[in-house]
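Chemist: Positions 1 to 408 (full-length UniProt numbering) are the ones given, in order, by the sequence shown.
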Amino acid sequence: MNNSKDFRMASLHDKILIVGAGCFGISTAYHLKKRGFTDITVIDRSETLPAKDGSSNDFNRVVRSSYQDKFYANLAKQAIEIWKDRTIWEDDSYHESGILILSSGPPGSYVDESYTNDKNQGSRVIELMDNQAIKKRFSPEVPVSSFQNQRGYFNYDGGWADAGKAVVYLTSKVISMGVKVIGGKTVRRLIRKENVTDRVVATGSWTPSAFPDIGIKEKCLATGQIVAMIQLTAEEAEKYRQVPVFLSFATGFLLFPGFTHTVNQVSTPRTTITHPENGLSIPKKSVEILREHLRMVYPELANKPFKSTRLCWYNDSPDGDWIVGPHPEDPALILATAGSGHAFKFLPVIGCLVADAVQGTLDTVLAKKFALDRPASFAARTDGVRAEQEIEELEIDQLCGPEDLLLF
Numbered sequence: 001m002n003n004s005k006d007f008r009m010a011s012l013h014d015k016i017l018i019v020g021a022g023c024f025g026i027s028t029a030y031h032l033k034k035r036g037f038t039d040i041t042v043i044d045r046s047e048t049l050p051a052k053d054g055s056s057n058d059f060n061r062v063v064r065s066s067y068q069d070k071f072y073a074n075l076a077k078q079a080i081e082i083w084k085d086r087t088i089w090e091d092d093s094y095h096e097s098g099i100l101i102l103s104s105g106p107p108g109s110y111v112d113e114s115y116t117n118d119k120n121q122g123s124r125v126i127e128l129m130d131n132q133a134i135k136k137r138f139s140p141e142v143p144v145s146s147f148q149n150q151r152g153y154f155n156y157d158g159g160w161a162d163a164g165k166a167v168v169y170l171t172s173k174v175i176s177m178g179v180k181v182i183g184g185k186t187v188r189r190l191i192r193k194e195n196v197t198d199r200v201v202a203t204g205s206w207t208p209s210a211f212p213d214i215g216i217k218e219k220c221l222a223t224g225q226i227v228a229m230i231q232l233t234a235e236e237a238e239k240y241r242q243v244p245v246f247l248s249f250a251t252g253f254l255l256f257p258g259f260t261h262t263v264n265q266v267s268t269p270r271t272t273i274t275h276p277e278n279g280l281s282i283p284k285k286s287v288e289i290l291r292e293h294l295r296m297v298y299p300e301l302a303n304k305p306f307k308s309t310r311l312c313w314y315n316d317s318p319d320g321d322w323i324v325g326p327h328p329e330d331p332a333l334i335l336a337t338a339g340s341g342h343a344f345k346f347l348p349v350i351g352c353l354v355a356d357a358v359q360g361t362l363d364t365v366l367a368k369k370f371a372l373d374r375p376a377s378f379a380a381r382t383d384g385v386r387a388e389q390e391i392e393e394l395e396i397d398q399l400c401g402p403e404d405l406l407l408f
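(1) Suppose contacts are defined by Cβ-Cβ distances below 8 Å. Is PHE154 in contact with GLY98 by that definition?
(2) In or out: SER146 buried (at least 16 other Cβ within 10 Å) or exposed?
(3) Go through its chain and collect everything with a Cβ distance to TYR94's Cβ below 6 Å, but skip five positions before and after it.
(4) Along the chain, where does the alpha helix (DSSP H) containing HIS31 start, and where does it finish?
(5) What residue from ALA234, ALA250, LEU100, LEU247 has the CA that sits closest to GLY258's CA?
(6) Please report how far the alpha carbon of PRO140 lies from the alpha carbon of VAL297, in whole angstroms.
(7) DSSP puts TRP160 in a beta bridge; with which residues?
(8) Along the alpha helix (DSSP H) that carries ARG295, what are the first and last residues, could you check?
(9) In chain order, which beta strand (DSSP E) runs of at least 3 residues are fully inside the stretch 329-362?
(10) Which residue wins for smallest C-alpha separation from ALA21, given the options ASP91, LEU170, TYR67?
(11) Pull the bridge partners of GLU47 from the DSSP assignment, please.
(12) Please say whether ALA79 and ASP118 have beta carbons closer to each other than 8 Å?
(13) Leaving out five residues on either side along the sequence, give the residues of the same chain with a beta carbon under 6 Å from the beta carbon of GLU47.
(14) What does GLU326 pair with, by DSSP beta-bridge criteria?
(15) At the level of alpha carbons, what is the spacing between LEU294 and ILE226?
(16) Which residues in the same chain as THR38 place their Cβ atom closer than 7 Å to its Cβ, once the five residues preceding and following it in sequence are excluded?
(17) I'd like to know if the stretch 241-256 and the stretch 306-324 are in contact, where contact means that at least 3 CB-CB pairs between them fall below 8 Å.
(18) Quick check: the stretch 390-400 against the stretch 335-349, are at least 3 beta-carbon pairs closer than 8 Å?
(19) Among SER340, GLN242, LEU335, which residue has its Cα nearest to the Cα of GLY360?
(20) Identify which residue in PRO328, GLN242, ARG188, GLU329 has its Cα closest to the Cα of TYR156.
(21) Provide the residue span of the beta strand (DSSP E) that contains LYS15, from first to last.
(22) Please return the same chain residues whose Cβ sits closer than 6 Å to the Cβ of SER27, not counting the five positions on each side in sequence.
(23) Excluding the 5 residues flanking HIS333 on each side, which residues of the same chain have their C-beta closer than 6 Å to its C-beta?
(24) How far does the alpha helix (DSSP H) with THR116 in it reach, from first residue to last?
(25) Under DSSP, the alpha helix (DSSP H) around GLU127 begins and ends at which residues?
(26) Just the C-alpha distance for THR87 and GLY122, rounded to the nearest angstrom, thanks.
(27) Please go through the same chain and pick out, in chain order, the residues whose beta-carbon is closer than 8 Å to the beta-carbon of ILE216, but skip the five residues on each side of it.
(28) Between VAL42 and LYS219, what straight-line distance do the alpha-carbon atoms span, to the nearest angstrom?
(29) May I have the straight-line CA-CA distance separating ALA166 from GLY158, to the nearest angstrom?
(30) Among residues of its own chain, excluding the 5 on either side of LYS307, which ones have a beta-carbon nearer than 7 Å to its beta-carbon?
(31) Report the residue from ARG291, PRO305, LYS52 whose alpha carbon sits nearest the alpha carbon of ALA163.
(32) Candidates VAL358, TYR314, MET129: which alpha carbon is nearest ILE16's?
(33) Leaving aside the five residues before and after VAL144 along the sequence, list all residues of the same chain whose C-beta is less than 7 Å from its C-beta, in chain order.
(34) Would you decide whether GLY178 is buried or exposed? Buried here means 16 or more other CB atoms lie within 10 Å of its CB.
(35) Report yes if the CB atom of VAL201 is closer than 8 Å to the CB atom of VAL19, and no otherwise.
(36) Could you pull the start and end residues of the beta strand (DSSP E) that PHE246 belongs to?
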């Protein structure tokens, strides 16, 4: 990490400007305010918060501690404890359905190391060594696939969060604490005058294109995860409401329980694109892939029509680690981005890391791990959900919307 520029530790009375009102930005505002900072402003390009096309605004996000990396596993467990504590997190956006984590890989794989980490840190886990053990994690009323040649584990201490609802809650919380949150503001340029303002850039997948002059474009890539929703009947919703989150590390496929609003969600591995302008369309070839993955879990739902589709946009670093810390050439510019598709579950705690960076107290090991100028490669990704997935370039002329799904 380049420390050639003098770092000026922010004082509690310094002006703090946070650009981006998503997971990183709002959590940062919360933790800075808790530490006594008196002048914090959060701005966002969207009039309505959270932004409709932002990755922090969705029906659900997986909340799991299943990481091969012990740092993420431990931090996720801390976050889950807060998600569950209504005296701290005064909102019901978190749902502890449990998580079924599967793999077809050899012993010693990402799933095995994740299981060991979860077990060692006290999570309530059950190892599942064959398909019969896997099938027992579902109610007898739910028809499931055979799960041949798969194994994994079940973690009771996990589930999913209503992402949009959670961000709305925390945004209301920081406003009540005295933070100024302003929507409809487009940032054209970052300017600092005589160190009077510390700026935190937390702009998600738009960061490389919105701020081309800060040297982040070569360090990040906007990727879209394909998401589809199916309409359940009231009877189906009742049947599937209590199933766990399904997560396959072999395929990158995620499947959420049926909700009270009778819509179910499925998602496949990510596809890359350089600019997220077509966020509500998905590639045509992904339609059958979605159905095939769904058939491999819940066969009776595989032929139901899709209610809606979208690409959920993430800002990926090459190795899957976040970018958190001062810019090497401008210490008053703090970067908080590159969530890499696995940051949202940390909403209650991730801002603590950014607050440490603002105050110059971020652990030196973490400062190197999250530095913008660290050596990193897409061949060494740390998040197992996509570690085995091939990155593909998105062909714009092959996108389809909900109306095209009737053709398949």
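We treat Cβ as the ideally placed atom computed from N, Cα and C, and that holds for glycine.
Small disclaimer: the values here were computed from a predicted structure and weren't measured.
Modeler: The answer reads as follows:
(1) Along the sequence shown, one-based indexing puts residue 154 at 154. Along the sequence shown, one-based indexing puts residue 98 at 98. Taking 8 Å as the Cβ cut-off, PHE154 and GLY98 qualify as a contacting pair.
(2) Position 146 of the sequence shown, counting from 1, holds the residue named residue 146. Exposed is the call here.
(3) For the purposes of this step, residue 94 is taken as residue 94 along the sequence shown, with counting starting at 1. Answer for TYR94: TRP83, ALA161, listed in chain order.
(4) Within the sequence shown, the letter at position 31 stands for residue 31. Unbroken alpha helix (DSSP H) run through HIS31: 23-34.
(5) For the purposes of this step, residue 258 is identified with residue 258 of the sequence shown, where counting begins at 1. Looking at the Cα atoms, ALA234 is the closest of the given residues.
(6) In the sequence shown, counting from the first residue as 1, residue 140 sits at position 140. In the sequence shown, counting from the first residue as 1, residue 297 sits at position 297. So the alpha carbons of these two residues sit roughly 14 Å apart.
(7) The residue given as residue 160 occupies position 160 in the sequence shown. Answer is VAL62, HIS95.
(8) Start at 1 with the first residue of the sequence shown, and residue 295 comes out as number 295. Per DSSP, ARG295 belongs to the alpha helix (DSSP H) from 286-295.
(9) 330-337
(10) What you label residue 21 is simply residue 21 of the sequence shown in a count that begins at 1. The option with the nearest alpha carbon to ALA21 is LEU170.
(11) For the purposes of this step, residue 47 is taken as the residue at position 47 of the sequence shown. GLU47 is not bridged to any residue.
(12) Start at 1 with the first residue of the sequence shown, and residue 118 comes out as number 118. Start at 1 with the first residue of the sequence shown, and residue 79 comes out as number 79. Not a contact, by the Cβ cut-off of 8 Å.
(13) Taking the sequence shown and counting its residues from 1, the one referred to as residue 47 is at position 47. Cβ within range, chain order: GLY183, GLY184.
(14) What you label residue 326 is simply residue 326 of the sequence shown in a count that begins at 1. Here the sequence assigns Pro to residue 326, which means Glu is not the residue at that position. Answer by DSSP bridge pairing, in chain order: ILE334.
(15) Start at 1 with the first residue of the sequence shown, and residue 294 comes out as number 294. Start at 1 with the first residue of the sequence shown, and residue 226 comes out as number 226. LEU294 and ILE226: Cα-Cα distance of roughly 13 Å.
(16) Residue 38 sits at position 38 when you count from the first residue of the sequence shown. Result list for THR38: LEU12, HIS13, in chain order.
(17) no
(18) no
(19) Along the sequence shown, one-based indexing puts residue 360 at 360. The shortest Cα separation from GLY360 among SER340, GLN242, LEU335 belongs to LEU335.
(20) Here residue 156 refers to the residue found at position 156 when the sequence shown is read from its first residue. Checking every option, the nearest Cα to that of TYR156 belongs to GLN242.
(21) The sequence position of residue 15 within the sequence shown is 15, counting from 1. Element bounds for LYS15: 15-19.
(22) For the purposes of this step, residue 27 is taken as the residue at position 27 of the sequence shown. Same-chain partners within the cutoff: LEU347, ILE350, GLY351.
(23) Position 333 of the sequence shown, counting from 1, holds the residue named residue 333. A small fix is needed here, since residue 333 is Leu in this sequence, not His. For LEU333, where only same-chain residues beyond five positions count, the Cβ hits under 6 Å are ARG199, HIS327.
(24) Counting from 1 along the sequence shown, the entry for residue 116 is found at position 116. Note, THR116: alpha helix (DSSP H), 110-120.
(25) Position 127 of the sequence shown holds residue 127. From DSSP, GLU127 is part of no alpha helix (DSSP H) but of the beta strand (DSSP E) over 125-128.
(26) Within the sequence shown, residue 87 is the residue found at index 87, counting from 1. Within the sequence shown, residue 122 is the residue found at index 122, counting from 1. Between THR87 and GLY122, the C-alpha separation is close to 22 Å.
(27) The residue labelled residue 216 in the question sits at position 216 within the sequence shown. So the list reads THR207, PRO208, ILE323, LEU335, THR337, LEU372, once near-sequence residues are dropped.
(28) Numbered from its first residue, the sequence shown carries residue 42 at position 42. Numbered from its first residue, the sequence shown carries residue 219 at position 219. Between VAL42 and LYS219, the C-alpha separation is close to 24 Å.
(29) As a first step, residue 166 is located in the sequence shown; it is residue number 166 there, counting from the start. As a first step, residue 158 is located in the sequence shown; it is residue number 158 there, counting from the start. If you take the alpha carbons of ALA166 and GLY158, they lie about 16 Å apart.
(30) Mapped onto the sequence shown, residue 307 falls at position 307. Hits under 7 Å: MET229, ILE230, GLN231, VAL263.
(31) Your numbering for residue 163 matches position 163 in the sequence shown. The residue with the shortest Cα to Cα distance from ALA163 is LYS52.
(32) In the sequence shown, the residue the question calls residue 16 occupies position 16. Minimum Cα distance to ILE16 is reached at VAL358.
(33) Here the question's residue 144 lines up with position 144 in the sequence shown. Only LYS135, PHE138, VAL297, TYR298 meet the Cβ criterion.
(34) The residue given as residue 178 occupies position 178 in the sequence shown. With fewer than 16 Cβ atoms within 10 Å of its Cβ, GLY178 is classed as exposed.
(35) Stepping through the sequence shown from its first residue, residue 201 is reached at position 201. Stepping through the sequence shown from its first residue, residue 19 is reached at position 19. A contact, by the Cβ cut-off of 8 Å.
(36) Locating residue 246 in the sequence shown gives position 246, where the first residue counts as 1. Residues 245-248.
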